[in-house]
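1 is the number of the first residue of the sequence shown in full-length UniProt numbering; add one for each residue after it. The beta-carbon is built from N, C-alpha and C at its ideal position, and this holds for glycine as well. First comes the structure, then the notes that go with it.
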Amino acid sequence: MGSVVSRLGCTFVGILYPAYCTFKTLRRQEFDQQTQWLTFWLVFSCFTFLERFADVVLAWIPLYYECKLLFVCWLALPQFRGAHLIYRQYLGPYLVRREKRIDDTIEKVKERSTVKLQEWAAQGLNYVKKNGMESLITLQEEEEENKNPNIGKNQKQTKLIHLAKSRKQRNSKQM
1 MGSVVSRLGC TFVGILYPAY CTFKTLRRQE FDQQTQWLTF WLVFSCFTFL ERFADVVLAW
61 IPLYYECKLL FVCWLALPQF RGAHLIYRQY LGPYLVRREK RIDDTIEKVK ERSTVKLQEW
121 AAQGLNYVKK NGMESLITLQ EEEEENKNPN IGKNQKQTKL IHLAKSRKQR NSKQM
């Protein structure tokens with residue numbers, strides 16, 4: 001069958017078909033179907049995560065992509081309920097045992113990323129405050145050069161001198 005056809009099949013059976021079935025289930029508000037599709041998405045996302053790492057090694061095995069397509073079909077198609085079986089026997093108990101540790105890790109990552117994003121935002125604002133006007137003028141000059149390559153160096157120097165004077169005036173007013 002080949003990797004291209006199998007990958008397309010995995011995309012269709014593993015993503016497009018379940019996404020549409022999830023839409024239909026949500027629209028009809030069918031609780032038992034919602035449980036089935038939520039279970040599928042949980043198992044499929046874990047499979048996809050693990051497969052990103054294993055794919056490098058396993059792709060060399062003959063018929064790997066065909067077996068992967070069969071596995072995705074087994075997970076996704078309601079008549080097999082493969083995702084439900086994997087969740088009930090393996091994934092559910094694993095997550096229950098590690099739920100507290102996972103929650104703590106997620107909270108730490110949230111806190112650290114918030115602090116880091118605030119630091120980067122502050123650094124960005126400081127950069128703009130210090131270099132904003134020069135950067136804008138540089139961008140304008142580059143744009144003018146692209147439009148009119150005959151702009152002389154004297155014009156650039158005049159603009160820079162004007163910029164320096166306006167900056168000194170601004171700084172003296174702030175003090």
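- Our two residues, K129 and V109, have alpha carbons roughly 30 Å apart in a direct line.
- If you draw a straight line from the Cα of G82 to the Cα of C46, it is about 14 Å long.
- Within the model, the alpha-carbon separation for L16 versus S113 is close to 32 Å.
- In the structure shown, R7 falls within a helical segment according to DSSP collapsed to helix, strand and coil.
- With 16 or more other CB atoms across the displayed protein chains lying within 10 angstroms of its CB, K68 is buried.
- Under the three-state reduction of DSSP output, P18 falls in the helix class.
- Linking S3 to E66 through their CA atoms gives a straight-line distance of about 8 Å.
- The beta carbons of A76 and V13 sit closer together than 8 Å.
- Annotated three-state conformation of R81 is coil, per DSSP.
- Taking 8 Å as the upper bound for CB-CB distance, Q36 and P78 are in contact here, some 6 Å apart.
- Contact check for V43 against Y87 passes: the beta carbons are separated by less than 8 Å.
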